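Engineer: The structure under discussion is supplied below as structure tokens; questions concerning it will follow.
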Amino acid sequence: MKLRPVRPGDEREYAGVITSIHGDEGVDPAVLQAVWQREKRLPQNQGRYLILEGRQTCGYAFWTRPADWAAGPVKAANVNVRMIPGRQSAQDFAWILTQMETAAKSSGADVALAVAREDDDFHPGALAACGYRVDRLSRSWRLNLSDRTAELLLARSSARKDMARIGIEIRSLDDTADESIWRDLYGLAAETIPDIPSTFSEAIPSFEDWLARMHEPGVFVDRIWTAWRDDSLVAYTYLVYRAAGDVSTAYTGTRKQFRGLGIARAVKLESIGQAIELGKHSITTNNDLENAAILHINSTLGYQPLPGLVTYVKSLTS
Ligand SMILES: CC(C)(COP(=O)(O)OP(=O)(O)OC[C@H]1O[C@@H](n2cnc3c(N)ncnc32)[C@H](O)[C@@H]1OP(=O)(O)O)[C@@H](O)C(=O)NCCC(=O)NCCS
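Under the numbering used here, the first residue of the sequence shown is numbered 7, with each subsequent residue one higher.
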């Protein structure tokens, strides 16, 4: 097997590999194109490859590091190797993963993180054999909109009344969203990202990088739901509508002093109601098992558990 760096035009092939590994993980090639385009601005921060055997594509591999490491003692990079069932080989997996680790280490990383689905027959064992140990668990969920339409729309109207009662105005953005609104949203993201339970501090993206993500295919301005007290943004959430795969929650955050008032639940219900009105049948999301508040919201909204994700960690310095 050999590695070939991805190049423009490989998006469909790469997306096809992802779906061959897990049929329920659809990926929109247009999103890959946008991500690779964005990453080209800082080519030294990642490597993405197709794994080839002769003319056959057998999988993909990557390593990525943030542009700026989070404040904290440890610099974490993401690495992974994914192989198509039937083309999996523990030996090739280990060889390719070592190359990803070496590149991550040369870019300054102290630890490597790799994510696997808990229901995958090959991947978790292959990571363990390469010296990875379990770091964190997260739950994946699906909310079936078709089964719960009436209840969810009722919950939305009741949340609207609750928010009006406490002086919170909820609205989606519109095409007139100007730089100041994007700056507000970014400020809220930067304030709340450190509160997501994690072992290694999550890096805050630069405003430019974050803004580029907010303009990737599947993100629609009028599907970003925000909560306001007077002129202050206090919470937001949005779903990503990719051309392939499920509609999924991208982010939800509430400013610290406004937590516990039902605001995240209310903005989520707006985005769920909108997805119903757009004819969508389900929404997926994934949450760290220590994120009690969001797990509680999702379970009370009727999200059903799916196979979760396991994050593995390995030191690159020992
Ligand atoms: C998760 C987050 C968005 C919740 O915002 P919020 O506006 O406080 O949420 P709500 O008030 O709508 O609901 C929180 C619910 O969790 C419950 N809750 C809070 N802490 C809890 C805990 N430790 N155990 C169980 N339930 C808890 C609250 O009681 C409330 O439920 P209730 O309305 O039935 O009483 C907010 O904590 C946040 O911004 N966290 C950082 C970013 C993040 O983790 N985002 C989610 C992943 S993208």
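In this text, a Cβ means the ideal position worked out from N, Cα and C, and glycines have one as well. All figures in this text were calculated on a predicted structure; none of them were measured in a lab.
#1: Closer than 6 Å by C-beta to Asp168: which residues in its own chain qualify, once you throw out the five before and the five after it? Chain order, please.
#2: So, at 7 Å on beta carbons, what are the nonlocal neighbours of Gln280 in its own chain, with the 5 sequence-adjacent residues on each side left out?
#3: Count the other C-beta atoms from every protein chain shown that fall within 10 angstroms of the C-beta of Gly53, then say buried if there are 16 or more, exposed otherwise.
#4: Sorry if obvious, but does the Cβ on Gly268 come closer than 7 Å to a heavy atom of ligand 1?
#5: Could you tell me the distance, in whole angstroms, from the CA atom of Thr255 to the CA atom of Ser277?
#6: Verify whether the separation of the beta carbon atoms of Arg88 and Glu59 is less than 8 Å.
#7: Might you give, ordered along the chain, the residues of its own chain that have their beta carbon closer than 7 Å to the beta carbon of Phe99, omitting 5 neighbours on each side?
#8: What residue does the alpha helix (DSSP H) around Pro35 start on, and which one ends it?
#9: Looking at C-beta atoms only, is the number of pairs between the region 56-73 and the region 109-119 that lie closer than 8 Å three or more?
#10: How long is the line joining the alpha carbons of Val23 and Asp181, rounded to whole angstroms?
#11: Kindly indicate which three-state DSSP category Pro311 falls into: helix, strand or coil?
#12: Tell me the DSSP secondary structure of Asp201 in three-state form.
#13: Please confirm whether Tyr257 and Leu149 have their CB atoms less than 8 Å apart.
#14: On the criterion of 16 or more Cβ atoms from any shown chain inside 10 Å, does Glu175 qualify as buried, or is it exposed?
Structural biologist: For this structure:
#1: Gly268
#2: Arg229
#3: buried
#4: yes
#5: 9 Å
#6: no
#7: Val87, Met89, Ala132
#8: 35-45
#9: yes
#10: 36 Å
#11: strand
#12: helix
#13: no
#14: exposed
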